[in-house]
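A.B. asks: Just passing along the structure, written as structure tokens.
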């Protein structure tokens, strides 16, 4: 997985976690993580995360406008994280840990993203069928 993918997934997870009821814990996790790489920016990052929360709460609650606001905020965080990784490539591994161990548990289950690579191989013979999925699958056949 490349750095942009990690930054994008983490940016989305940050916004999703800050939108959740456990938002304060998400802010603490991100600021504690950020402190390890850019301690001088921690107060700014914390203020920006609180601002993200305020923007989410102020956004219209219909699906399209609320989703658009969250998507815009996620892109902003993706850019911040991508710059951090660009400046110090060792940040990527630590960002994956933050995402997997600290942020994903704070994100509501329906909004969680999986990061990784899935390789599937299947062979079908005669009249058989093959169904493969890297996530949920519903098959309605009779």
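In UniProt numbering, the protein residues as written are 1 to 142.
Glycine is no exception: its CB is placed at the ideal position from the N, C-alpha and C atoms.
The structure displayed is predicted, hence computed values, not measured ones.
1) Label residue 70 either buried or exposed according to how many other C-beta atoms from any shown protein chain fall within 10 Å of its C-beta, with 16 as the threshold for buried.
2) How big is the Cα-Cα spacing for residue 84 and residue 122?
3) Relative to the C-alpha of residue 110, which residue among 16, 129, 32 and 2 is closest?
4) State the Cα-Cα distance for the pair residue 56 and residue 138, rounded to the nearest angstrom.
5) Starting from residue 29, trace the alpha helix (DSSP H) in both directions and tell me its first and last residue.
6) Take the Cβ of residue 116 as the centre, count every other Cβ of all protein chains shown within 10 Å, and call the residue buried at 16 or more, exposed below.
C.D. replies: According to the structure shown:
1) That one is buried.
2) Residue 84 and residue 122: Cα-Cα distance of roughly 40 Å.
3) The residue among 16, 129, 32 and 2 with its C-alpha nearest the C-alpha of residue 110 is 16.
4) Those two C-alpha atoms are separated by around 32 Å.
5) Boundaries of the alpha helix (DSSP H) around residue 29: 23-35.
6) Low confidence applies to residue 116: its pLDDT is 49, below 50, so where it sits in the model is not reliable, and the reading given next is rough at best. If you draw a 10 Å sphere on the C-beta of residue 116, you find fewer than 16 other C-beta atoms in it, and that means exposed.
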